[in-house]
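Residue numbers (the working numbering), protein chains in the order written: chain A, 1 to 197; chain B, 198 to 739.
Note that the Cβ used here is the ideal one computed from N, Cα and C, for glycine as well.
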Amino acid sequence: MQLLVQVIFVLIAAEIVGAAVMVVTAKNIVHAALWLIASFCGVGALYLLLEAEFLAVVQVLVYVGAISILMLFAIMLTRHVTGKGAETSLYQRWWVGLIVAAVLFAAVIAPTVLAHPWETATAAPALPGETGQPAAMAGIVDLGRAFVEEYLLPFEIAAVLLLVGLVGAIVIAFEERAARRHIPTLAEEVAHRRQPE
Amino acid sequence: MPVFFQISDVPRLLPELLLLVLALLVLGSDMFERWGEDEESRFERVRAAGSLTAIGLGLIFLITLLQSGYVYRLPADAPQNFFLTIVRNLQNGGPVGDPVVGSFATDHLTMIGRLVLIGAAFLVSLLTLDYRPANNPGEFYALILLSTMGMCLMAAATELITAYLSVELTSIPLYILAGYFQTNTRQSSEAGMKYFLFGALSSGLILYGMSLVFGFAVASIPGGAQANDMTQFLRIAQATATEGAAASKLLTLGMLFIIAGVGYKVAVIPFHSWSPDVYEGSLTPITAFLSTASKAAGFLLLYRILVTAFPNLTGTAEIVSGFGGWTSLLAVLAVATVVLGNLAALPQRNLKRLLAWSSIAHAGFVIMALMAWASPYASTRSMGTSALIYYLVVYTVTNIGAFGALAVASMTVGGDTMEHLRGLARRNLGLATLLAIFVLSLAGIPPMGGFLAKFYIFMAAWQSGAWWVVMTGVVTTMIGLYYYLLILKATFIEEPASTEPVPMPTWMNATLITSAVLVLLLGVFPNLVLTTIDQVKVVAGM
Numbered sequence: 001m002q003l004l005v006q007v008i009f010v011l012i013a014a015e016i017v018g019a020a021v022m023v024v025t026a027k028n029i030v031h032a033a034l035w036l037i038a039s040f041c042g043v044g045a046l047y048l049l050l051e052a053e054f055l056a057v058v059q060v061l062v063y064v065g066a067i068s069i070l071m072l073f074a075i076m077l078t079r080h081v082t083g084k085g086a087e088t089s090l091y092q093r094w095w096v097g098l099i100v101a102a103v104l105f106a107a108v109i110a111p112t113v114l115a116h117p118w119e120t121a122t123a124a125p126a127l128p129g130e131t132g133q134p135a136a137m138a139g140i141v142d143l144g145r146a147f148v149e150e151y152l153l154p155f156e157i158a159a160v161l162l163l164v165g166l167v168g169a170i171v172i173a174f175e176e177r178a179a180r181r182h183i184p185t186l187a188e189e190v191a192h193r194r195q196p197e
Numbered sequence: 198m199p200v201f202f203q204i205s206d207v208p209r210l211l212p213e214l215l216l217l218v219l220a221l222l223v224l225g226s227d228m229f230e231r232w233g234e235d236e237e238s239r240f241e242r243v244r245a246a247g248s249l250t251a252i253g254l255g256l257i258f259l260i261t262l263l264q265s266g267y268v269y270r271l272p273a274d275a276p277q278n279f280f281l282t283i284v285r286n287l288q289n290g291g292p293v294g295d296p297v298v299g300s301f302a303t304d305h306l307t308m309i310g311r312l313v314l315i316g317a318a319f320l321v322s323l324l325t326l327d328y329r330p331a332n333n334p335g336e337f338y339a340l341i342l343l344s345t346m347g348m349c350l351m352a353a354a355t356e357l358i359t360a361y362l363s364v365e366l367t368s369i370p371l372y373i374l375a376g377y378f379q380t381n382t383r384q385s386s387e388a389g390m391k392y393f394l395f396g397a398l399s400s401g402l403i404l405y406g407m408s409l410v411f412g413f414a415v416a417s418i419p420g421g422a423q424a425n426d427m428t429q430f431l432r433i434a435q436a437t438a439t440e441g442a443a444a445s446k447l448l449t450l451g452m453l454f455i456i457a458g459v460g461y462k463v464a465v466i467p468f469h470s471w472s473p474d475v476y477e478g479s480l481t482p483i484t485a486f487l488s489t490a491s492k493a494a495g496f497l498l499l500y501r502i503l504v505t506a507f508p509n510l511t512g513t514a515e516i517v518s519g520f521g522g523w524t525s526l527l528a529v530l531a532v533a534t535v536v537l538g539n540l541a542a543l544p545q546r547n548l549k550r551l552l553a554w555s556s557i558a559h560a561g562f563v564i565m566a567l568m569a570w571a572s573p574y575a576s577t578r579s580m581g582t583s584a585l586i587y588y589l590v591v592y593t594v595t596n597i598g599a600f601g602a603l604a605v606a607s608m609t610v611g612g613d614t615m616e617h618l619r620g621l622a623r624r625n626l627g628l629a630t631l632l633a634i635f636v637l638s639l640a641g642i643p644p645m646g647g648f649l650a651k652f653y654i655f656m657a658a659w660q661s662g663a664w665w666v667v668m669t670g671v672v673t674t675m676i677g678l679y680y681y682l683l684i685l686k687a688t689f690i691e692e693p694a695s696t697e698p699v700p701m702p703t704w705m706n707a708t709l710i711t712s713a714v715l716v717l718l719l720g721v722f723p724n725l726v727l728t729t730i731d732q733v734k735v736v737a738g739m
């Protein structure tokens, strides 16, 4: 059973990392967005493996269902990049970065992580919150309680953060038109952007 | 035992709530202003949003000051009436009590942090009044306000998730503001993009470090603890106080990532590379905001997180023996930052870039104050704390003034390079004098606040045994004097290109004079604020 879980974990992890690598290397930006969806799905599967069912469903609904689709829309509405391969020019001395990263990884991260006495294979699953494991918060009830008890402030701050994101996106995307009285519809906006061509 | 949010916690969060309300008000009221595309109505809209922001921030500053009780504390036997009851309730939310829901401390550090940050935002909003940001003024000011709210939360956060979210709430508006419209839109967009990319990377680093620290802390509780509160700094410190925890380097790795991530935000070398470009490309008042308030908030967060969550990893400041812990790491960062920051500033001709490098160097000095924790004595440590906060106060006021003077110069003369400032004293003696006050304070010349600030920092660092850091600091201060004096030489000695007098916009003038008076007051009568700052002996969660 333990082995099966580990095998599944490795498969899912490989899928997530592989898809994420494809996101940054794909030449076609639409393909990159599609790879991102694949990566998000993998993360959802990982949550499922951790027995956080609600989080898994939300991950798929929000990230795959909403955010990725929005990204695709944004790509489609942006001029010049639909479908065509975006120019990717790697920085000339990319190997310097590679060496620095490899040295840092080998000198700092790998020894630390390998030398740490990881607790492997706990014998019997103890009651939540008794062996130093965080009390399970996977259920919707627990999650909801945590949001109004311990994590009330972060929950509220996140709401303000979303407002900031919304305002910022509008400020960046829609520069103030000369005709401020008239709020253009999406079709007009698209037509306006196509005009200069 | 879970902690609940009480209704009596609302006054303790009042400044942040007021900032949020003001931001929404500015956003909403923009709609009711005069519509139209001509220059005049645009300017009227900018003025309306700007004035509302400035007045609101001034009021919030006063309310926060009243709440903190630093200038006036209501006596216990004051009569009961409507107004005094309001004041009493307000001051009950003052610097007392446990952190709100375990994640938001309202101690002296928070109170002083709020005053500095809201004060900085107030001065910056005054600076922008004459500046005419052309587009979307409501959103412009609302973003400044929301960013200020994030900074106040950063100064107060005692828990990992709150800390992370407040860092984001501070940064995201700043990314947008850095890329906000200017006449040279290309440079501004570049600044915004660069800031965003580096900021996103640093956020990733912070998150990675936090998850390592959280996981390690949870795993090292020796059995039987309710673990939902393990994101709180205090609980992390408790959980990792054992021998075994100190032996494992995993916690150190997590802390390294957090320091690196926050280091990006406050631009210490080697995490500084974004800052000169961003400072040059942004609107000058926004640069002032970036280089003062956001840095101050970053340092307050760094201070609180290191001191409350990682007191077991403190280490020493010896150069050869016993090298380890975060004090040693910060010592190395501080030395690199003051040396490279000051040297790189030498050849700069653009004054915004010059001040950007100088503000990197100043970040190195601030870090030196944290050296005090290498000393085992509480007195040295509290001296370091006072030095840190005093430096942040002085630096904030001075740099807002310096960038403000630069903003005036670039608005009226037409640019912000050394050549543009040439002979400014003959064209506008007042502006040149104000600029000189700020520049001398940055350089650390005695009557200004900058001298005492540096002096206290060196004293604290010296007492903790970091003599090599202090020596580097003193030497680089002298190197720094060269480029600061270059500015003054251009302003006072060189011949002007034209003798046409330079006008001084009203509100910018008022801001500059306020800052200059504060710089002089802080330098001559440091006890005005030091007695207050000395109260930050106990940081909530320690």
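Asked: Interface flag, M1 (chain A) vs chain B, CB-CB below 8 Å; Found: no
Asked: Residue from B:K492, B:L548, B:I373, B:R244 whose Cα sits closest to the Cα of T688 (chain B); Found: B:L548
Asked: Sub-8 Å separation of A528 (chain B) and Y588 (chain B) beta-carbons; Found: no
Asked: Cross-chain neighbours of G299 (chain B) in chain A, by beta carbon under 8 Å; Found: E150
Asked: Backbone CA spacing between P573 (chain B) and L453 (chain B) [nearest angstrom]; Found: 22 Å
Asked: N- and C-terminal bounds of the alpha helix (DSSP H) containing P154 (chain A); Found: 152–173
Asked: Member of B:L314, B:L366, B:P212, B:W659 whose CA lies at the smallest distance from the CA of Q264 (chain B); Found: B:P212
Asked: Alpha-carbon to alpha-carbon, I12 (chain A) and Q6 (chain A); Found: 10 Å
Asked: For A434 (chain B) and T505 (chain B), believed in contact at Cβ under 8 Å, the rounded distance; Found: 6 Å
Asked: Reference M615 (chain B), options B:G299, B:T439, B:L685, closest by Cα; Found: B:L685
Asked: Minimum length 4: unbroken alpha helix (DSSP H) runs contained in the segment 292–334 of chain B; Found: 305–325
Asked: Under 8 Å between C-beta atoms of A490 (chain B) and A317 (chain B); Found: yes
Asked: Contact under 8 Å by Cβ, K391 (chain B) with V475 (chain B); Found: yes
Asked: Cβ shell of L326 (chain B) (< 6 Å), same chain only, five flanking positions each side left out; Found: G247, W704
Asked: Short CB-CB distance (under 8 Å) between A375 (chain B) and chain A; Found: no
Asked: Sequence-distant residues of the same chain with beta carbon closer than 7 Å to Y500 (chain B), five excluded per side; Found: L567, L585
Asked: CB contact below 8 Å: I257 (chain B) versus chain A; Found: no
Asked: Chain-order list of residues whose beta-carbon lies under 7 Å from that of G255 (chain B) (same chain, five-residue window excluded); Found: F319
Asked: Chain C contact for H192 (chain A) (CB, 8 Å cutoff); Found: Of the protein chains in the structure, A and B, none is chain C.
Asked: Cutoff 6 Å; reference Q732 (chain B); Cβ partners in own chain excluding five residues on either side; Found: H305
Asked: Helix, strand or coil at T437 (chain B) according to DSSP, with G and I counted as helix; Found: coil
Asked: Chain A within 8 Å of S607 (chain B), Cβ atoms only; Found: no
Asked: Residues that DSSP places opposite A354 (chain B) in a beta bridge; Found: B:F301
Asked: C-alpha gap between E336 (chain B) and I564 (chain B), whole angstroms; Found: 34 Å
Asked: Outcome for Q277 (chain B) when other beta-carbon atoms lying within 10 angstroms are tallied against a minimum of 16; Found: exposed
Asked: The segment 357–365 of chain B in contact with the segment 152–162 of chain A per 3-pair CB rule at 8 Å; Found: yes
Asked: Near-chain B residues of the segment 160–173 of chain A - C-beta to any C-beta below 8 Å; Found: V160, L161, L163, V164, G165, V167, G168, I170, V171, I172
Asked: Chain B contact residues for I157 (chain A), given Cβ-Cβ distances below 7 Å; Found: L350, T359, L362, S363, L366
Asked: Simplified DSSP state of Q288 (chain B), which is helix, strand or coil; Found: helix
Asked: Where the alpha helix (DSSP H) containing A542 (chain B) begins and where it ends; Found: 522–542
Asked: Beta-carbon separation (whole angstroms), G406 (chain B) vs G451 (chain B), contact threshold 8 Å; Found: 5 Å
Asked: Chain-ordered neighbours of I369 (chain B) on chain A, where CB pairs are closer than 8 Å; Found: L161, V164, G165, G168
Asked: Whole-Å CB distance - V298 (chain B) paired with L153 (chain A), under 8 Å assumed; Found: 6 Å
Asked: 7 Å Cβ cut-off: residues of chain B touching L70 (chain A); Found: By Cβ distance, chain B contributes nothing, its closest Cβ being about 17 Å from L70 (chain A), past 7 Å.
Asked: CA nearest to the CA of S386 (chain B), picked from A:V190, A:I172, A:F9; Found: A:I172
Asked: contact_flag[the segment 467–483 of chain B, the segment 548–559 of chain B] where n(CB pairs < 8 Å) is 3 or more; Found: yes
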